[in-house]
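J.: Just so you know, we're using my numbering here: the sequence shown kicks off at 1 and counts up by one.
Beta carbons are placed, not taken as given, at the ideal position from N, Cα and C, and that holds for glycine.
This is the structure I have questions about; it appears just below.
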Amino acid sequence: MTTAAERLPASVRSLDERADRDLDMVESVANSAWCIGANPKNAPTHQEERPPRKVVAVDAAGLLSASFPPRDKLLKPWLTTQSLAMIYAPRGIGKTHMALGVAYALASGGEFLGWQATAQTPVLYLDGEMPGADLKARVATVIASNEREAADGYLRFVTPDLQEDGVMPNLYRPEGREAVNAALGNARVIIVDNLSCLVRGGKENEGESWQPVQEWALQMRSQGLSVVFVHHAGKGGQQRGTSKREDVLDTVIALRKPADYEPDQGARFEVHFEKARALYGQDVSPFEAALTTLPDGNQTWATRAVSDASEEQMIELAGLGLSMREIGGELGVNHSTVVRALNKAKDAGRYTPKPKRKTKPTPKKGDSHDD
């Protein structure tokens, strides 16, 4: 007995078989690729689950008797051994200038923005986006502008233009993390500049994209290394993407544009500690940093407390005739903050309010102005 399918004309059966093959092909592609025709080097991938490992548990006595290496200060006050940190800012504000300054201070045992290195510390700098020529020029200027020299091999770079295929390791993929691990050498600090270029996979606003990177960072910390991530700010001013990134971080530093910032001022920003474990007081007070190029081509950084900068701006706006509330709206601070700041400046002799104009009294009803 023939089936209903066998009784169909051969041409129809051929179409059905072809459709089945096409469907199998579509399912195969969907399971193995993220988008037909896309560059597989930049495709999101899903992490393979590893077999479970034996979990080590100890009681309180075992924990107290365990020997752990001390967490030494590397760049006082905020970067220690086994630190996981993030520096984030809007585009073009000076993230890489700051990251290179931190890297060179560590490698040379020097100072940057008032943060002091305690010793020369080997650094591996992963640069994800700058053309090699630009990176070379910036590093040359940093070296020329510093009195201290980094020890040989203490500041090493991984940059696209020096890779055989021009592709940087992808920290989202196991082979990318393994490639970075193989390049660590003597590094004790890894600077990842930046997450958008070096973590290519998953959705940025979901924890999936961060999970494998977080596991790698925790692995680095368990080996005594520190990792500093450089990241972009989103439209709302906060770090772009999932907030889960901040969960395991010891320190989160936000770079913000001052209220009176002008685009031609280049690298000028306010430094704000949004998260800082075991730090408080003056160590985490916000300050402003500005990069200036000297006539000889060298560069220097100037810093000042944000409160001083804000006071200057308030005094200037008050001199233009703006009210307290208008000043607060212009600078993005509370009205009461403006009142306190200007009263303090007045008491210290730094500010003299303009005398208010006398207004004519409003005549009362029934008053006659006739002579």
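Among the residues of its own chain, which have a CB less than 6 Å from the CB of residue 252, if the five just before and after it don't count?
T.: Around residue 252: 86, 246, 274 and 275.
J.: Measuring CB atoms only, is the stretch 190-203 touching the stretch 162-175, in the sense that at least three cross pairs come out at less than 8 Å?
T.: Yes, since at least three Cβ pairs between the stretch 190-203 and the stretch 162-175 fall closer than 8 Å, the two stretches touch.
J.: Look at residue 107 and residue 75 and say whether their C-beta atoms are less than 7 Å apart.
T.: Against a cut-off of 7 Å, the Cβ pair of residue 75 and residue 107 comes out as no contact.
J.: Quick check on DSSP: helix, strand or coil for residue 44?
T.: Reliability fails at residue 44, whose pLDDT of 44 lies under 50, so the model's placement of it is uncertain and the value that follows must be treated cautiously. In the structure shown, residue 44 sits in coil (DSSP, three-state: anything other than H, G, I, E or B).
J.: When DSSP labels each residue in this structure, what does residue 303 get in the three-state scheme?
T.: Residue 303 falls in the strand class under three-state DSSP.
J.: Pull up the distance between the alpha-carbon of residue 190 and that of residue 121, whole angstroms please.
T.: Rounded to whole angstroms, residue 190 to residue 121 spans 11 Å at the Cα level.
J.: Going by the DSSP bridge assignment, what does residue 269 pair with across the sheet?
T.: Bridge partners of residue 269: 289.
J.: Give the DSSP-derived three-state secondary structure of residue 27 in the structure shown.
T.: Residue placement at residue 27 cannot be trusted, given a pLDDT of 38 that sits under 50; what the coordinates show is reported in the next sentence. Reduced to three states, the DSSP call for residue 27 is helix.
J.: CA-CA distance, residue 58 and residue 124?
T.: Distance between the alpha carbons of residue 58 and residue 124 is about 35 Å.
J.: Return the bridge partner residues of residue 115 from the DSSP annotation.
T.: Paired residues: 112.
J.: Only counting runs of 3 or more residues, tell me where the beta strand (DSSP E) segments fall wholly within the stretch 174-222, in order along the chain.
T.: Taking only runs of at least 3 residues, the beta strand (DSSP E) segments lying wholly in the stretch 174-222 are 189-193.
J.: Is DSSP giving residue 88 helix, strand or coil here?
T.: If DSSP states are grouped into helix, strand and coil, residue 88 belongs with the strands.
J.: To the nearest angstrom, report how far apart residue 182 and residue 216 are at their CA atoms.
T.: Between residue 182 and residue 216, the C-alpha separation is close to 13 Å.
J.: Residue 270 and residue 288 look like a contact to me (Cβ under 8 Å); what is the Cβ gap, rounded to whole Å?
T.: Going by Cβ atoms, the distance from residue 270 to residue 288 rounds to 5 Å, so yes, they are a contact pair.
J.: Determine, using beta carbons only, whether residue 105 and residue 255 come nearer to each other than 7 Å.
T.: Their beta carbons are not under 7 Å apart, which means residue 105 does not touch residue 255 by this criterion.
J.: Excluding the 5 residues preceding and the 5 following residue 292 in the sequence, name in chain order all residues of the same chain whose CB lies nearer than 6 Å to its CB.
T.: Here the set comprises 300.
J.: Cβ of residue 99 within 7 Å of Cβ of residue 213?
T.: The answer is no: Cβ separation not under 7 Å.
J.: Given a threshold of 16 other Cβ atoms within 10 Å of its Cβ, counted over all protein chains shown, does residue 194 qualify as buried or as exposed?
T.: Its Cβ being crowded by 16 or more others within 10 Å, residue 194 is buried.
J.: Is the CB-CB distance between residue 221 and residue 82 below 7 Å?
T.: It is a contact, given that the beta carbons lie within the stated cut-off.
J.: Which residues bound the beta strand (DSSP E) around residue 255?
T.: Taken as a continuous stretch (DSSP letters only), the beta strand (DSSP E) holding residue 255 covers 251-256.
J.: Residue 94 to residue 196, Cα distance in whole Å?
T.: Going by the C-alpha atoms only, they are around 16 Å apart.
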